[in-house]
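Residue numbers (my numbering): 20 to 278. All residues carry an ideal CB built from backbone N, CA and C; glycine is no exception. Quick caveat, the model's predicted, so the values are computed rather than measured. What follows is a set of notes on a single structure, which appears directly below.
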Ligand code: SF4
Ligand code: SF4
């Protein structure tokens, strides 16, 4: 299969799908690797062994190679798709894959299901078809710096609260925020602040017990990147840059992500 996408512009489907935008993304994703992977899948099904979706529900739709069908079809039709097709792509490629890459370990050809799912998601982004919850999380991340919309004030209060509790066990414990020159910058999942502050307590306890020279950042503490998960490359880049910029401004030596 030779993967390419035609270069027409301003092409709306009868049901309002911007096919020109879809083709632009298809062109950006197309290449030797994508073409090879889509061509050589022999439908052997060995990848099923590695997938947790298949382990919990061993139906044909949960064989990892099944996630490639919409992308394969998209290139075969050179982007000539409608909303119903894109809804199916969205449901399969967002709804039944965490992009963990385990299946690739079981594939005799080493086909990268996760990068292909990521490419399919990029098409969904171009068509404005990403799941609403994911879109909301990305909007939060861009506005607040974390996907659950925790404000800086709430973050600092939670750190202070957990440090107070920790000091009952470890009187010398510390939780420096925006400390310049520390060795490590810690980041974690926003649910560790919003829903499970006990997790933050445990991180602080661990790093204090290990006498690690660390700091937290008041503006870049989210270890997740929903832009990457969604297949939205510009948003993924912006979110990653925010953490890198904070790490460079604080002059830390390394970044630790905990999830
Ligand atoms: S193991 Fe590899 S070749 Fe076999 S079906 Fe899965 S992706 Fe295709
Ligand atoms: S990358 Fe997706 S399809 Fe492959 S094992 Fe993980 S969840 Fe299953």
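The residue among 63, 269 and 47 with its C-alpha nearest the C-alpha of residue 197 is 269. Cα atoms of residue 67 and residue 191: separation of roughly 50 Å, rounded to the nearest angstrom. Beta-bridge partners assigned by DSSP to residue 214: none are found.
In summary, residue 148 is buried, with 16 or more beta-carbon neighbours lying within 10 Å of its beta-carbon over all protein chains present. Here residue 34 carries a coil assignment [DSSP, helix/strand/coil].
By the Cβ test, the stretch 205-224 is in contact with the stretch 158-167, since at least three Cβ pairs between them sit closer than 8 Å. Judged by their CB atoms, residue 201 and residue 271 are nearer to each other than the 9 Å cut-off. Between residue 85 and residue 77, the beta carbon gap of about 12 Å keeps them out of contact (Cβ cut-off 8 Å).
Ranked by how close their Cα comes to the Cα of residue 35, the residues 242, 55, 276 and 99 have 99 in first place. With distances taken between CA atoms, residue 235 lies nearest to 178 out of 178, 125 and 263.
The beta carbon of residue 58 sits no closer than 8 Å to any heavy atom of ligand 1. Under DSSP, residue 110 shares a beta bridge with no residue.
With a cutoff of 9 Å on beta-carbon distance, residue 139 and residue 89 are scored as near each other.
Taking non-hydrogen atoms of ligand 1 into account, the C-beta of residue 122 is found less than 8 Å away from one of them. Only buried fits residue 246, as 16 or more other CB atoms lie within 10 angstroms of its CB.
The Cβ atoms of residue 125 and residue 153 do not sit closer than 9 Å to each other. Inter-residue distance for residue 74 and residue 64 is about 13 Å (C-alpha atoms, whole angstroms). Under DSSP, the beta-bridge partners assigned to residue 275 are 205. Per DSSP, the continuous alpha helix (DSSP H) segment holding residue 163 begins and ends at 151-163. Contact check for residue 57 against residue 91 passes: the beta carbons are separated by less than 9 Å. For residue 73, the CB falls within less than 8 Å of some heavy atom of ligand 2. Under the 10 Å beta carbon count, residue 95 is surrounded by fewer than 16 other beta carbons and is classified as exposed. The beta carbon of residue 244 is closer than 7 Å to those of 255, 258 and 259 in its chain, skipping five residues each way along the sequence.
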